[in-house]
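One structure below.
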Amino acid sequence: MRVEQIAVFLENRSGRLAEITSIIAENNINIRALSVADTADFGILRLIVDKVEEAEKALKEKGFTVGKTTVIAVEVPDRTGGLAEVLDCVQKIGLNVEYMYAFVNKTGENAVLIFRFDDMTMAIDSLQANGFTILESSQVYNL
Amino acid sequence: MFWDKNEQMAVDDLARLQLDRLQRTVGRVATHVPFYRNKFKEDKIDVESLARLDDIRRLPFTTKQDLRNNYPYGMFAVPLRDVVRIHSSSGTTGMATVVGYTQKDIDTWSNLIARILTAAGVSTHDVIQIAFGYGLFTGGFGLHYGAEKLGASVIPISSGNTRRQIQIMQDFKTTALVCTPSYALKIADVMMDQGINPNGLSLKFGLFGAEPWSEKMREEISDRLGILATDNYGLSEVMGPGVAGECQHCNGLHVNEDHFLMEILDPVSLEPVEPGEVGELVISTLTKEAFPVVRYRTRDLTRLLPEPCPCGRTFRRIERITGRTDDMLIIKGVNVFPTQIESILFDIEGTQPHYNLIIERESNEDQVTVMIEVVESIFFDEMKKQRTMVDHIKKRLAAELGVGVNVKLVEERSLERFNGKGARVIDKREI
Numbered sequence: 001m002r003v004e005q006i007a008v009f010l011e012n013r014s015g016r017l018a019e020i021t022s023i024i025a026e027n028n029i030n031i032r033a034l035s036v037a038d039t040a041d042f043g044i045l046r047l048i049v050d051k052v053e054e055a056e057k058a059l060k061e062k063g064f065t066v067g068k069t070t071v072i073a074v075e076v077p078d079r080t081g082g083l084a085e086v087l088d089c090v091q092k093i094g095l096n097v098e099y100m101y102a103f104v105n106k107t108g109e110n111a112v113l114i115f116r117f118d119d120m121t122m123a124i125d126s127l128q129a130n131g132f133t134i135l136e137s138s139q140v141y142n143l
Numbered sequence: 144m145f146w147d148k149n150e151q152m153a154v155d156d157l158a159r160l161q162l163d164r165l166q167r168t169v170g171r172v173a174t175h176v177p178f179y180r181n182k183f184k185e186d187k188i189d190v191e192s193l194a195r196l197d198d199i200r201r202l203p204f205t206t207k208q209d210l211r212n213n214y215p216y217g218m219f220a221v222p223l224r225d226v227v228r229i230h231s232s233s234g235t236t237g238m239a240t241v242v243g244y245t246q247k248d249i250d251t252w253s254n255l256i257a258r259i260l261t262a263a264g265v266s267t268h269d270v271i272q273i274a275f276g277y278g279l280f281t282g283g284f285g286l287h288y289g290a291e292k293l294g295a296s297v298i299p300i301s302s303g304n305t306r307r308q309i310q311i312m313q314d315f316k317t318t319a320l321v322c323t324p325s326y327a328l329k330i331a332d333v334m335m336d337q338g339i340n341p342n343g344l345s346l347k348f349g350l351f352g353a354e355p356w357s358e359k360m361r362e363e364i365s366d367r368l369g370i371l372a373t374d375n376y377g378l379s380e381v382m383g384p385g386v387a388g389e390c391q392h393c394n395g396l397h398v399n400e401d402h403f404l405m406e407i408l409d410p411v412s413l414e415p416v417e418p419g420e421v422g423e424l425v426i427s428t429l430t431k432e433a434f435p436v437v438r439y440r441t442r443d444l445t446r447l448l449p450e451p452c453p454c455g456r457t458f459r460r461i462e463r464i465t466g467r468t469d470d471m472l473i474i475k476g477v478n479v480f481p482t483q484i485e486s487i488l489f490d491i492e493g494t495q496p497h498y499n500l501i502i503e504r505e506s507n508e509d510q511v512t513v514m515i516e517v518v519e520s521i522f523f524d525e526m527k528k529q530r531t532m533v534d535h536i537k538k539r540l541a542a543e544l545g546v547g548v549n550v551k552l553v554e555e556r557s558l559e560r561f562n563g564k565g566a567r568v569i570d571k572r573e574i
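In order, the protein sequence lines correspond to chains A and B.
1 is the number of the first residue of the first sequence in the working numbering; add one for each residue after it.
144 is the number of the first residue of the second sequence in the working numbering; add one for each residue after it.
This is the structure we're talking about:
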């Protein structure tokens, strides 16, 4: 149920993001989802890739600071209100969202929402209990 | 284990002994050393008026430059015929300084080294390998004579040739190693390359000095060589090694206070710092015959550790040397030592941090920015936690330095790597 995500520390300098994506590409790793959180000085890049270990190793070798965390991927139909339903449920349960980002899968039928909650176990249990589909990690890596 | 009874002297008795010895030293330098005679005269100091130890604060300081100005023999308090040994500092930071010893000085020195060796656990049963250079540098001969005085079996191998050091260590069954801490790590590296397991050696003790090191290095040396690693301190201008050394509790260095009077002073105001605060170590010799110094400014930074040590020695302890006054910065009028920043970051990160300190002056106000390379232990995927970490570092630095700083995180390996201490500071102030 849990998906591994890598996070990379990024200074706000031009070309840094391009550098990371080229390293990933050189190692034949596919990026499934990506988000950047930034401040005036620095940013945190979060990536979901098909080969987590390889990506982590390649980036570390090039001198990047890399962290690994787990997130969950919730699948919702790609239609109006899809996200709202999930967030509504999250709020009712009282879950705390640390961050989230979304992408639409290849077929375009479903959207995938990536969540990091403060209480991941409770999040998985209650989202499932409310009928939401949580993707297996292998499903996410191979999307 | 103690070498002599002075180590457990009652505090009052020690103070009396110190005063008596200080009065004699000051009297002798006033008579025999023109430098002091002139200085005392200039400052209108009546050497007979030293009634309490605190009166030392009326006496002038001695600096490295004073010693240089009197090169080579100007500071000697005895005629050369009474000098049996001459050593010299390396002169890497300027002109060399020359120091001399009478036979009695050598005896005192040997006893103080024997004391430090004993405190570190070494005894007459030990085989001690001295990998300090033998020569004008005080390290080799200083340790050598002291180890002989103690009755240990001395291997005077001197420095260098690491493979041979290891070979001898194995063949001669060395139990105690004397060298610089960085050389101990070098030995460990070469052993690893050669596939030698340090556990197969007879090594038990390592006595390290002559350069600054850290608690992390101690852990690494102890782990890798399987020894009890203790720190010792000295400087040739005062005597050489033997001024202070750690006991087996490894909790700071006991100063041989019956032979050296220490003061810890603010390097700018030259007033004593509060006990436990970092300041410059200033030493007056109490028993030296050939080369006595009064209030010698070591430029080494340390702090007093006022709590009594469980070992029972009454000599007070100082923390390992944490830096040099030469590195000190004055920011918004506050004395800041880069090494303080280092230890705070080490505390937070758990690793040797890479940082630069940038000082700028904007509208007549000093602005300090600490640029820190992010390592995994302080990196988070959540922005909230990341910013909290930055705030936390900022607060700790401000609290301990006594001056507010900006903190900026930068990518790993993005800061320039400097050689040498203090070089991490980029002072852009134009004053």
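Glycine residues also receive a C-beta, built at the ideal position from the N, C-alpha and C atoms.
This structure is a prediction, so every number in the text was calculated from the model and none was measured.
From the options, pick the residue whose C-alpha is nearest to that of residue i; which is it?
{"i": "residue 23/A", "options": "56/A, 43/A, 36/A, 35/A", "result": "56/A"}
{"i": "residue 299/B", "options": "316/B, 277/B, 309/B", "result": "277/B"}
{"i": "residue 384/B", "options": "390/B, 376/B, 391/B", "result": "376/B"}
{"i": "residue 148/B", "options": "185/B, 341/B, 255/B, 201/B", "result": "255/B"}
{"i": "residue 217/B", "options": "239/B, 489/B, 177/B", "result": "177/B"}
{"i": "residue 467/B", "options": "347/B, 153/B, 442/B", "result": "442/B"}
{"i": "residue 174/B", "options": "330/B, 416/B, 190/B, 186/B", "result": "190/B"}
{"i": "residue 279/B", "options": "232/B, 323/B, 204/B", "result": "232/B"}
{"i": "residue 19/A", "options": "90/A, 63/A, 102/A, 5/A", "result": "63/A"}
{"i": "residue 355/B", "options": "490/B, 464/B, 508/B, 470/B", "result": "464/B"}
Let me confirm a value: residue i is counted as buried when at least 16 other C-beta atoms fall within 10 Å, else exposed. Which label applies?
{"i": "residue 563/B", "result": "At residue 563/B, the pLDDT of 48 sits below 50, so the modelled position is not reliable and the matter cannot be decided from this model."}
{"i": "residue 477/B", "result": "exposed"}
{"i": "residue 156/B", "result": "exposed"}
{"i": "residue 374/B", "result": "buried"}
{"i": "residue 461/B", "result": "buried"}
{"i": "residue 459/B", "result": "buried"}
{"i": "residue 114/A", "result": "buried"}
{"i": "residue 47/A", "result": "buried"}
{"i": "residue 292/B", "result": "buried"}
{"i": "residue 159/B", "result": "exposed"}
{"i": "residue 5/A", "result": "buried"}
{"i": "residue 138/A", "result": "exposed"}
{"i": "residue 153/B", "result": "exposed"}
{"i": "residue 272/B", "result": "buried"}
For the beta strand (DSSP E) containing residue i, list its first residue and its last residue.
{"i": "residue 103/A", "result": "97 to 104"}
{"i": "residue 5/A", "result": "2 to 11"}
{"i": "residue 351/B", "result": "348 to 351"}
{"i": "residue 79/A", "result": "Neither: residue 79/A is in no beta strand (DSSP E) and is coded neither H nor E."}
Along chain B, which residues have their Cβ under 9 Å away from the Cβ of residue i?
{"i": "residue 141/A", "result": "Going along chain B, no residue has its Cβ under 9 Å from residue 141/A, so there is no contact; the nearest lies around 18 Å."}
{"i": "residue 46/A", "result": "524"}
{"i": "residue 119/A", "result": "Result: empty, since nearest Cβ-Cβ is about 14 Å, beyond 9 Å."}
{"i": "residue 98/A", "result": "524, 525, 526, 527, 528"}
Where do the N-terminal and C-terminal ends of the alpha helix (DSSP H) with residue i fall, by residue?
{"i": "residue 249/B", "result": "246 to 262"}
{"i": "residue 170/B", "result": "154 to 175"}
{"i": "residue 533/B", "result": "526 to 544"}
{"i": "residue 82/A", "result": "82 to 93"}
{"i": "residue 458/B", "result": "Where residue 458/B is concerned, there is no enclosing alpha helix (DSSP H), given that its DSSP letter is neither H nor E."}
{"i": "residue 517/B", "result": "No alpha helix (DSSP H) holds residue 517/B; DSSP gives it neither H nor E."}
{"i": "residue 288/B", "result": "281 to 293"}
{"i": "residue 325/B", "result": "324 to 336"}
{"i": "residue 17/A", "result": "16 to 26"}
Which residues in chain A sit within 7 Å of residue i, going by Cβ to Cβ distance?
{"i": "residue 522/B", "result": "9, 65, 67"}
{"i": "residue 485/B", "result": "Near residue 485/B there are no residues of chain A at all, since even the closest Cβ is about 19 Å away, more than 7 Å."}
{"i": "residue 529/B", "result": "44"}
Please compile the residues from chain B whose C-beta is within a distance smaller than 7 Å of the C-beta of residue i.
{"i": "residue 115/A", "result": "Residues of chain B passing the Cβ test: none, with the nearest at roughly 12 Å."}
{"i": "residue 37/A", "result": "526"}
Mind checking whether residue i and residue j have CB atoms under 8 Å apart?
{"i": "residue 444/B", "j": "residue 425/B", "result": "no"}
{"i": "residue 345/B", "j": "residue 317/B", "result": "yes"}
{"i": "residue 568/B", "j": "residue 449/B", "result": "no"}
{"i": "residue 552/B", "j": "residue 497/B", "result": "no"}
{"i": "residue 7/A", "j": "residue 69/A", "result": "yes"}
{"i": "residue 334/B", "j": "residue 364/B", "result": "no"}
{"i": "residue 483/B", "j": "residue 359/B", "result": "no"}
{"i": "residue 381/B", "j": "residue 351/B", "result": "no"}
{"i": "residue 134/A", "j": "residue 52/A", "result": "no"}
{"i": "residue 369/B", "j": "residue 342/B", "result": "yes"}
{"i": "residue 99/A", "j": "residue 525/B", "result": "yes"}
{"i": "residue 245/B", "j": "residue 439/B", "result": "no"}
{"i": "residue 214/B", "j": "residue 249/B", "result": "no"}
Run down chain B in chain order and give the residues with a C-beta less than 8 Å from the C-beta of residue i.
{"i": "residue 101/A", "result": "Within chain B, no residue comes near residue 101/A; the closest Cβ sits about 12 Å away, beyond 8 Å."}
{"i": "residue 128/A", "result": "The premise fails here: residue 128/A is roughly 24 Å from chain B at the closest Cβ pair, so nothing lies under 8 Å."}
{"i": "residue 41/A", "result": "551, 552"}
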